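**Student:**
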Amino acid sequence: MTTLRRHPPTPRDHEPRAMGAARLSQLNRWRAQDRSGDLVDLFLQHSAPPLEEETGSRDDFRDRLAADIRRPGFTMVVAETDDLVGCAFGFPVPGDGSWWHGFRGTLPRSVYQLTVSQNVFAVSHILVRPHAQDGVLVRRMQEHLLACRQATLGVTAIAAEDRAALAAFRTWGWQDLGRLRRPQATAPLRVLGLPLGERTVQRLGEDIGPSTARGVE
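In this note's numbering, the protein residues as written are 907 to 1123.
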């Protein structure tokens, strides 16, 4: 299951665009494991206010990262300048549709078809350092992450009451697909999707409406 960032930053138009030029690279599970300490630090600095040494949050993120790393097809993209400034990671959605268990209502036809053909990728986290909270950088990372797995649709699940996270993802091109209730979740989740490519945008638009189906073309 994908999870949400704690108090994610809200994109701001006046932020500098220099971070859009950060170097992107793909990490496999072993390299991601080797850099788990740096990734935990990034998570703590990403939170607002910074969590610093809050042990519970540190351990919780480390455990979720370790669980994702063990998933088949785990993929991570990191953004670096002189230091690590951002990362995005996740795993392919199984073609059996198990990721969608608990979805409320009817799954959009195009989403079902993309799932069966294994073209959907679940994004677990998108993290950026506070000074690098740049929509350009986030869009580059998420597009690169999907391209690494040749996925044409990214999905994520966010707590329905987490308005800051929902607003941030929508600004980055994600759109609402519906609601989801996980057995282990304490609250309903809002499922967002990010279509990659004109054809996927068009197919999704036919299912959920062209005014909302705007992804990375």
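Beta carbons are placed, not taken as given, at the ideal position from N, Cα and C, and that holds for glycine.
What you are looking at is a predicted structure, and each value in this text was computed from that prediction instead of being measured.
Let me check one thing: in DSSP terms, what residues is residue 1047 bridge-paired to?
**Tutor:** Paired residues: none, contrary to the question.
**Student:** From residue 1112 to residue 943, what does the alpha carbon distance come to, in whole angstroms?
**Tutor:** Spanning the two alpha carbons is a distance of roughly 43 angstroms.
**Student:** Nearest CA to the CA of residue 967: which residue from 977, 1030, 927, 1046?
**Tutor:** Taking only the C-alpha atoms, the option nearest residue 967 is 1030.
**Student:** Between residue 1067 and the rest of its own chain, which residues show a CB-CB distance below 8 angstroms, the 5 nearest in sequence each way excluded?
**Tutor:** 1093.
**Student:** Please list, in chain order, all residues of the same chain as residue 1108 whose beta carbon is under 7 angstroms from its beta carbon, the five residues on each side excluded.
**Tutor:** Excluding residues within five positions, none has a Cβ falling inside 7 angstroms.
**Student:** Determine contact between the region 984 to 991 and the region 1000 to 1011, defined as no fewer than three beta-carbon pairs at a distance below 8 angstroms.
**Tutor:** Result no; under three Cβ-Cβ pairs closer than 8 angstroms.
**Student:** Please go through the same chain and pick out, in chain order, the residues whose beta-carbon is closer than 7 angstroms to the beta-carbon of residue 1072, but skip the five residues on each side of it.
**Tutor:** 1064, 1096.
**Student:** Give the single residue among 1003, 1020, 1040, 1000 whose Cα lies nearest to the Cα of residue 1075.
**Tutor:** Ranking the options by Cα distance to residue 1075, first place goes to 1040.
**Student:** How far does the alpha helix (DSSP H) with residue 1075 in it reach, from first residue to last?
**Tutor:** Looking at the DSSP string, the run of the alpha helix (DSSP H) that includes residue 1075 is 1069 to 1077.
**Student:** Considering residue 952, what are the terminal residues of the alpha helix (DSSP H) in which it resides?
**Tutor:** Per DSSP, residue 952 belongs to the alpha helix (DSSP H) from 942 to 952.
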